[in-house]
Each structure stands twice: as structure tokens, then as C-alpha cells.
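Enquirer:
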Amino acid sequence: KAGVTQTPRYLIKTRGQQVTLSCSPISGHRSVSWYQQTPGQGLQFLFEYFSETQRNKGNFPGRFSGRQFSNSRSEMNVSTLELGDSALYLCASRRQGSANTEAFFGQGTRLTVV
Amino acid sequence: GQQVMQIPQYQHVQEGEDFTTYCNSSTTLSNIQWYKQRPGGHPVFLIQLVKSGEVKKQKRLTFQFGEAKKNSSLHITATQTTDVGTYFCAAPPNTGNQFYFGTGTSLTVIP
Chain A
1 KAGVTQTPRY LIKTRGQQVT LSCSPISGHR SVSWYQQTPG QGLQFLFEYF
51 SETQRNKGNF PGRFSGRQFS NSRSEMNVST LELGDSALYL CASRRQGSAN
101 TEAFFGQGTR LTVV
Chain B
115 GQQVMQIPQY QHVQEGEDFT TYCNSSTTLS NIQWYKQRPG GHPVFLIQLV
165 KSGEVKKQKR LTFQFGEAKK NSSLHITATQ TTDVGTYFCA APPNTGNQFY
215 FGTGTSLTVI P
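Set out below in C-alpha cells:
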């Protein structure tokens, strides 16, 4: 079956712009989580959605937001981009929303802010 | 948020040598997962440990969960160049269902 699909794979934006990233989870998976990965900070948790509801949120400013649709696809939005937002954004899907199921990651979206 | 400390941050080994990475938490964990991320790739699930003192093996990889469920380790015997990558542990917070990742250990294997 198809894996987790993230689009686009690469993105270059300028400071002050906004960006929307998309994640399609594995069919049947209802939980989608987003992570920001940078060389110095590792994998930082952004938020998690389950059945269209945000269940958990990491310690990121309000410029970072997300949503999940009825088909479990998820989008995350970053407004007023800053240079420090340059990172690899990964989404992960899980079949269930419990904390004892493995996460399947997409290839990520590499965002560069110039 | 959840604090899961992972050491070392970097490790260079000669091919054939052993490698170990450690994860430590100040609180008791319900379970812990391990992931591997190859250079340029995305994290891939390796294993989950749930029981106190649990030990699981996958070929040359041995995973352990501490008796107090506050620490875990991944040991690779006789490393190969295919083991190159960053190894992450991940654990859920005391409440909630989300996993928080450790800082990762980047393994370089020198042929």
C-alpha cells in the first residue's frame, strides 16, 4: 500500500511569506503528527491531529497552524515566515491515536526561507 | 514537554566495532520506540519496548528497556556501513498520546 505522501518535497520562500504543506497519511490511518527537524534541534513536535481534531500541540508560536480533513489528509501552515523556519518538515501517520503504535513518516518537505 | 535525553550525540566507529546509544528520562515511560534515519531519508520505525527490563533483538541490534522504565539502550554488534544514520528514541508524555523524540545519535561507520 502507498506510504505517507508529503507535498511539495522542496520549497523556497522569502521572509514574511506564508506556506502550506500537505500530508496524505497511509490509507486507514487517522492520526497525523507534524515535526520540524533542524540540525541543531533534532525532531521537534509541532502538533497532532486525530479525526479532524488537534489533540496535542508542541511549543511553537501561533504562526504555525494545521488542520486535518475528513479523509485524514492534513495540512500545516506557517505564516510570516522567518529565516529560522528553514527546516525539514516531517509528517507521520499512525493507524490509531494511541501511544503504542508505530509511526510511519513521509519523505518530508524541505523548506528554505531566504 | 517531555524530556528524553539521548547520548552520545555523535559516534564514529571503525567497521566491525560495536556501538551503543542511550536514552534517559526523568519520568517513568509507558513505552519507548526506536527509529533510524538514514542520511537524506526519513525516520523509520525499528522497534517498541513496553515491559520493564524488556530485551529485544533484531539480528545485530539489541534493544533494552530499563527495569525502572526510565532508560533504554540500542546496541549494535559489529557495525557495518549500512548501519550509518541517526538513531532516535521516542516516548509518549505522561499524559496524551503524542511521541516526543530524543535528540538522536548520529552514527558514522568508517570502512
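So the sequence lines, in the order shown, correspond to chains A and B. To convert, note that position 17 of the first sequence is 17 in the numbering used here; the numbers rise steadily by one, no gaps. To convert, note that position 3 of the second sequence is 117 in the numbering used here; the numbers rise steadily by one, no gaps. Beta carbons are placed, not taken as given, at the ideal position from N, Cα and C, and that holds for glycine.
1. Take the Cβ of M119/B as the centre, count every other Cβ of all protein chains shown within 10 Å, and call the residue buried at 16 or more, exposed below.
2. In whole angstroms, give me the CA-to-CA distance for Q125/B and S186/B.
3. When DSSP labels each residue in this structure, what does G108/A get in the three-state scheme?
4. If we call anything under 8 Å between Cβ atoms a contact, is F115/A one with N56/A?
5. For G66/A, list the residues DSSP reports as bridge partners.
6. Taking N185/B as the query, report the chain A residues whose CB atoms sit under 8 Å from its CB, ordered along the chain.
7. To which residues does DSSP link R94/A through a beta bridge?
8. Could you tell me which residues DSSP pairs with G155/B in its beta bridges?
9. Count the other CB atoms within 10 Å of the CB of V169/B; is the residue buried (16 or more) or exposed (fewer)?
10. Does any residue of chain A have a CB that is nearer than 8 Å to the CB of H156/B?
11. So, does the CB of T142/B fall closer than 8 Å to a CB anywhere in chain A?
12. At a CB distance below 7 Å, what residues from the stretch 40-57 of chain A approach chain B? Give them in sequence order.
Expert: A quick look at the data gives this:
1. exposed
2. 17 Å
3. coil
4. No answer is possible for residue 115/A: the residues shown for chain A start at 1 and end at 114.
5. M76/A
6. Neighbours of N185/B on chain A: none; closest Cβ ~18 Å, over 8 Å.
7. S31/A
8. Answer is none; G155/B lacks a bridge partner.
9. Exposed, because fewer than 16 other Cβ atoms sit within 10 Å of the Cβ of V169/B.
10. At a cut-off of 8 Å between beta carbons, H156/B contacts chain A.
11. no
12. Within the stretch 40-57 of chain A, the residues whose Cβ lies closer than 7 Å to some Cβ of chain B are G42, L43, F45, E48, R55, N56, listed in chain order.
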